[in-house]
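**Student:** I am attaching a structure below and will ask some questions about it afterwards.
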Amino acid sequence: MDTLRLLANQGAEAGWLSESFSYAFMVNALVAALLVGPLLGGLGTLVIAKRLAFFSEAVGHAALTGIAIGVLLGEPPENPIIGLFCFCMIFALLLHFVRNRTAVPYDTLVGVFLAVALAGGAALLMYVARKINIHMLENVLFGSILTITDFDLLVLGLSCLLIIVGLMFTFNRILLASISPDIAKVRGYNTHFYDYLFVMMITLVTIAAVKIVGAVLVGALLLIPGATARLMTKSMGSFVLLSSLLATLSCIIGTLLPMELKLPIPSGASIILVAASFFLIATVTRIVGRK
Amino acid sequence: MGPTIILNDVSLRYENNIILEKITATLEAGQCHVVMGPNGGGKTSLLRSILGLTPFKGDIEFQWQQCKGKIGYVPQKATFEPSLPLTVLDFILLNQSRSPLFFNFNKKHKLKALQQLARVGMEKRAMFRMGQLSGGEQQRVLFAQALLDDPDLLILDEPTNGMDDQGVRYFESLINDLVKEKKTILIVHHDISAVRRLQATVHVVNGILLESGQAEDVLKPSKIERLFNHYRHHSSQQKSGDA
Chain A
2 MDTLRLLANQ GAEAGWLSES FSYAFMVNAL VAALLVGPLL GGLGTLVIAK RLAFFSEAVG
62 HAALTGIAIG VLLGEPPENP IIGLFCFCMI FALLLHFVRN RTAVPYDTLV GVFLAVALAG
122 GAALLMYVAR KINIHMLENV LFGSILTITD FDLLVLGLSC LLIIVGLMFT FNRILLASIS
182 PDIAKVRGYN THFYDYLFVM MITLVTIAAV KIVGAVLVGA LLLIPGATAR LMTKSMGSFV
242 LLSSLLATLS CIIGTLLPME LKLPIPSGAS IILVAASFFL IATVTRIVGR K
Chain B
-5 MGPTIILNDV SLRYENNIIL EKITATLEAG QCHVVMGPNG GGKTSLLRSI LGLTPFKGDI
55 EFQWQQCKGK IGYVPQKATF EPSLPLTVLD FILLNQSRSP LFFNFNKKHK LKALQQLARV
115 GMEKRAMFRM GQLSGGEQQR VLFAQALLDD PDLLILDEPT NGMDDQGVRY FESLINDLVK
175 EKKTILIVHH DISAVRRLQA TVHVVNGILL ESGQAEDVLK PSKIERLFNH YRHHSSQQKS
235 GDA
């Protein structure tokens, strides 16, 4: 990372790159964007295919409670990763476990879990507010890509590697298990395993991306690039690739733009607004193209 | 060669609703077996029990000739979202290969998938979205999927639903070819005249196994009304009356 930051600094001094690149935090932010963008975009296509949009939003919101628990248990307020990881994972797995054992419609169940997690988070925040400056939570809610450290990048890199390797071997089976579970079962695939595996992937990538996009908006970055790509592609392969490209572009442009234009916008909001503008362009193009 | 399937006292109930009651039968290897019966008679439940997709009481034993073979399955209905860009080729590749669809550059895989689609006359629709196809076309693709691994046992749940006449005839000739290859085939079918053409062993199910035998014996006009009566208690009473 030091070499990369040095190169970026030299590039900025030589005038090849914008002045923003002379700052170490900017290079960190762009590396994080390049890591998390393709992954969120790629996984987003499965979220859409499996109709789990509401679920990914719920996991993002549960992060707030996870962070509050982490801080209360003595983790550093700027990075309560253990509380975040444990709570989100338990939240997601428990939700799926209950779903598989009750006849309650899935969206209703997610709504119940989401409400409980948010209520718990709101209650705990009152206690957390006594320990830390509550404004620090803005970074958690809406992302603060510019405060990313080398440790964050390491966690992010490892999470991304784990998920990408997992996806290379299981993408087809996860998709088949959601499109036609009976065919998948007859082929000998353990559909419950692939369901839980996907839930764990979503949870992991959500946790990894909280610092970049924020807990409230991470679900949006899973969805919007996929929704845009769905309007523009004709096959599953191009759907995944375009969604990954759009998510990565959104992360990069959304990180660079506020810096270059000197706008006081949180990284999460700016990334989502860029992603949403792609969606708007694709929608308008589609509507105009049909006329 | 396909397996012999031995059903021994297979029963299935959902809460207080009895779906299947003590079905005992032997489905001989290398033959085409057709399960028929009125709506709600438990045909699909029987197939799902054989496939292990639903819990049941009793025993179902597969007697394979050598090692355990492969099973192909065509479900009664599959729902594909029209806006999802999942093409017909994607769907076959999904079933055929582990290489992720976004990273599958293997021409052999694509060629094999296209050959399978050609077997059911769907190669020209390879780049259509699954959700855009008609019901009959989707059934053809599902049938191509079932044939992918050259299965020894083929289980088909109303495979000709929504198919046009040409599709049905094509399907029948394919089934006859597979029987010649000594595959065991189990089909849920509701079209009596089509079943007569298949030259299959027919099993009529309406909660219980009402009758088994060759199509020309079971599907006699004199028996059809009794066997395909929708209401179970009528069938049961009739059966006890016959006895």
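Going line by line, the protein sequences match chains A and B. Numbering (my numbering) for the first sequence: 2 to 292. Numbering (my numbering) for the second sequence: -5 to 237. For every residue, glycine included, the Cβ atom is placed at its ideal position computed from N, Cα and C. Since this is a predicted model, take the numbers as computed values, not measurements.
Distance check for R163/B and F279/A, CA to CA, integer angstroms please.
**Tutor:** Locating residue 279/A in the first sequence gives position 278, counting from the first residue. Locating residue 163/B in the second sequence gives position 169, counting from the first residue. Answer to the nearest angstrom: the Cα atoms are 49 Å apart.
**Student:** Answer with buried or exposed for I91/A, where buried requires no fewer than 16 other C-beta atoms within 10 angstroms of its C-beta.
**Tutor:** Counted from its first residue, the first sequence places residue 91/A at position 90. Label assigned to I91/A: exposed.
**Student:** What number of angstroms, rounded off, separates the C-alpha of F170/A from the C-alpha of G201/B?
**Tutor:** By one-based count along the first sequence, residue 170/A stands at place 169. By one-based count along the second sequence, residue 201/B stands at place 207. Answer to the nearest angstrom: the Cα atoms are 42 Å apart.
**Student:** Measuring alpha carbon to alpha carbon, tell me which of Q208/B, I186/B, L147/B and A194/B ends up nearest E219/B.
**Tutor:** Reading the second sequence from its first residue, position 225 is the one you call residue 219/B. Closest by alpha carbon: I186/B.
**Student:** Are the CB atoms of N29/A and I149/A within a distance shorter than 9 Å?
**Tutor:** As a first step, residue 149/A is located in the first sequence; it is residue number 148 there, counting from the start. As a first step, residue 29/A is located in the first sequence; it is residue number 28 there, counting from the start. A contact, by the Cβ cut-off of 9 Å.
**Student:** Taking Cβ-Cβ distances shorter than 8 Å, what residues in chain A pair up with Q139/B?
**Tutor:** Indexing the second sequence from 1 puts residue 139/B at position 145. Correct list: I184.
**Student:** Out of M(-5)/B, L40/B and I(-1)/B, which has the shortest C-alpha to C-alpha gap to F12/B?
**Tutor:** Your numbering for residue 12/B matches position 18 in the second sequence. Sequence check: residue 12/B is Ile here, not Phe. Of the candidates M(-5)/B, L40/B and I(-1)/B, the one whose C-alpha sits nearest the C-alpha of I12/B is L40/B.
**Student:** What residues in the region 231 to 260 of chain A have a beta carbon less than 7 Å from any beta carbon of chain B?
**Tutor:** Within the region 231 to 260 of chain A, the qualifying residues are R231, T234, K235, S236, M237, G238, F240, V241 and L242.
**Student:** So with Cβ pairs under 9 Å, would you call Q231/B a contact of chain A?
**Tutor:** Position 237 of the second sequence, counted from the first residue, corresponds to residue 231/B. Caution is warranted here: a pLDDT of 43 is assigned to Q231/B, below 50, making its placement in the model unreliable, and no coordinate value can be reported.
**Student:** Just tell me which of E58/A, M127/A and L246/A has its CA closest to the CA of L218/A.
**Tutor:** Taking the first residue of the first sequence as 1, we reach residue 218/A at position 217. Nearest C-alpha to L218/A: E58/A.
**Student:** Measuring alpha carbon to alpha carbon, tell me which of G269/A, L44/A and A116/A ends up nearest I253/A.
**Tutor:** By one-based count along the first sequence, residue 253/A stands at place 252. The residue with the shortest Cα to Cα distance from I253/A is G269/A.
**Student:** Is V307/B near L127/B, with beta carbons less than 9 Å apart?
**Tutor:** Residue coverage of chain B in this structure runs from -5 to 237, which leaves residue 307/B outside it and unanswerable.
**Student:** Apply the 10 Å Cβ neighbour rule to I135/A and answer buried if 16 or more other Cβ atoms are within range, or exposed otherwise.
**Tutor:** For this step, residue 135/A is matched to residue 134 along the first sequence. With fewer than 16 Cβ atoms within 10 Å of its Cβ, I135/A is classed as exposed.
**Student:** Indicate whether at least one CB of chain A lies closer than 9 Å to the CB of T81/B.
**Tutor:** Here residue 81/B is taken as the residue at index 87 of the second sequence, counted from 1. It does; some Cβ of chain A falls within 9 Å.
**Student:** The alpha helix (DSSP H) spanning H62/A covers which residue range?
**Tutor:** Walking along the first sequence from the start, residue 62/A turns up at place 61. Taken as a continuous stretch (DSSP letters only), the alpha helix (DSSP H) holding H62/A covers A54 to L73.
**Student:** Where does F98/A land, buried or exposed, given buried means 16+ other C-beta within 10 angstroms?
**Tutor:** Residue 98/A sits at position 97 when you count from the first residue of the first sequence. F98/A is exposed by the Cβ-count criterion.
**Student:** Going along the region 168 to 197 of chain A in order, which residues come within less than 8 Å of chain B, judged by CB to CB distance?
**Tutor:** Against chain B - using a Cβ distance shorter than 8 Å - the residues of the region 168 to 197 of chain A are L168, M169, F170, F172, N173, R174, L176, L177, I180, S181, D183, I184, K186, V187 and R188.
**Student:** For G(-4)/B, which three-state DSSP category applies?
**Tutor:** Along the second sequence, read from residue 1 onward, the residue named residue -4/B stands at position 2. G(-4)/B: coil per DSSP, three-state reduction.
**Student:** Measure from the C-beta of K292/A to each C-beta in chain B and report whether the shortest distance is under 9 Å.
**Tutor:** Counting from one through the first sequence, the residue named residue 292/A turns up at place 291. With 9 Å as the cut-off, K292/A does not count as an interface residue toward chain B.
**Student:** DSSP on M202/A, reduced to helix/strand/coil?
**Tutor:** Looking up residue 202/A in the first sequence gives position 201. Looking at M202/A - three-state DSSP - the assignment turns out to be helix.
**Student:** Between the region 183 to 192 of chain A and the region 104 to 114 of chain A, can you find at least three pairs of beta-carbon atoms closer than 8 Å?
**Tutor:** No: the two stretches stay apart, fewer than three of their Cβ pairs being nearer than 8 Å.
**Student:** With the cut-off set at 9 Å, would you say G130/B and D158/B are in Cβ contact?
**Tutor:** To locate residue 130/B, count along the second sequence from 1; it is residue 136. To locate residue 158/B, count along the second sequence from 1; it is residue 164. Yes, these two residues count as a Cβ contact at 9 Å.
**Student:** Is Y195/A helix, strand or coil when you go by DSSP?
**Tutor:** Numbered from its first residue, the first sequence carries residue 195/A at position 194. If DSSP states are grouped into helix, strand and coil, Y195/A belongs with the helices.
**Student:** Scan the region 42 to 67 of chain B for residues whose Cβ lies nearer than 7 Å to a Cβ of chain A and list them as they occur along the chain.
**Tutor:** From the region 42 to 67 of chain B, only L45, L47, I65 and Y67 have a Cβ closer than 7 Å to chain A.
**Student:** Alpha carbon to alpha carbon, how far is S23/A from K212/A?
**Tutor:** Residue numbering aside, residue 23/A sits at position 22 when the first sequence is read from its first letter. Residue numbering aside, residue 212/A sits at position 211 when the first sequence is read from its first letter. Their backbone Cα atoms lie some 22 Å apart in a straight line.
**Student:** Identify whether G42/A lies in helix, strand or coil by the three-state DSSP scheme.
**Tutor:** On the first sequence, position 41 is the one that residue 42/A refers to. Helix at G42/A.
**Student:** Do three or more CB pairs link the region 240 to 248 of chain A to the region 189 to 196 of chain A at distances below 8 Å?
**Tutor:** Output reads no: the region 189 to 196 of chain A does not touch the region 240 to 248 of chain A.
**Student:** Who are the near neighbours of Q132/B in its chain, counting only those whose CB is closer than 8 Å to its CB and skipping five residues on each side?
**Tutor:** Position 138 of the second sequence, counted from the start, is the residue given in the question as residue 132/B. Cβ neighbours of Q132/B beyond the five flanking positions: A72, F74, M124 and G156.
**Student:** Within the region 102 to 182 of chain B, note down every full alpha helix (DSSP H) run reaching 4 residues or more, in order along the chain.
**Tutor:** The qualifying runs are 129 to 140 and 159 to 174.
**Student:** Three-state secondary structure (DSSP) at A237/B?
**Tutor:** Here the question's residue 237/B lines up with position 243 in the second sequence. Confidence is the limiting factor: at A237/B the pLDDT is only 35, short of 50, which leaves the residue's position unreliable, though a coordinate-based value still follows. Here A237/B sits in coil by DSSP.
**Student:** Applying a beta-carbon distance threshold of less than 7 Å, which residues of chain A neighbour D84/B?
**Tutor:** Within the second sequence, the letter at position 90 stands for residue 84/B. The answer, in chain order, is S236 and M237.
**Student:** Comparing C-alpha positions only, which one of K118/B, K102/B, L105/B and I179/B sits nearest to A140/B?
**Tutor:** For the purposes of this step, residue 140/B is taken as the residue at position 146 of the second sequence. Of K118/B, K102/B, L105/B and I179/B, the residue nearest in Cα terms is I179/B.
**Student:** Please list the residues of the region 89 to 108 of chain B that have a C-beta atom closer than 8 Å to any C-beta atom in chain A, keeping them in chain order.
**Tutor:** Taking 8 Å as the Cβ-Cβ cut-off against chain A, the residues of the region 89 to 108 of chain B that qualify are N89, S91, R92, S93, P94, L95, F96, F97 and N98.
**Student:** Give a yes or no on whether the minimum CB-CB distance between R123/B and chain A is below 9 Å.
**Tutor:** Locating residue 123/B in the second sequence gives position 129, where the first residue counts as 1. Closer than 9 Å to some Cβ of chain A, the Cβ of R123/B qualifies, so yes.
**Student:** Going along chain B, which residues have a C-beta under 7 Å from A50/A?
**Tutor:** Stepping through the first sequence from its first residue, residue 50/A is reached at position 49. Per Cβ cutoff of 7 Å: L78.
**Student:** For a test of the three-state rule: what should DSSP assign to C61/B, helix, strand or coil?
**Tutor:** Residue 61/B sits at position 67 when you count from the first residue of the second sequence. Three-state DSSP puts C61/B in coil, outside helix and strand.
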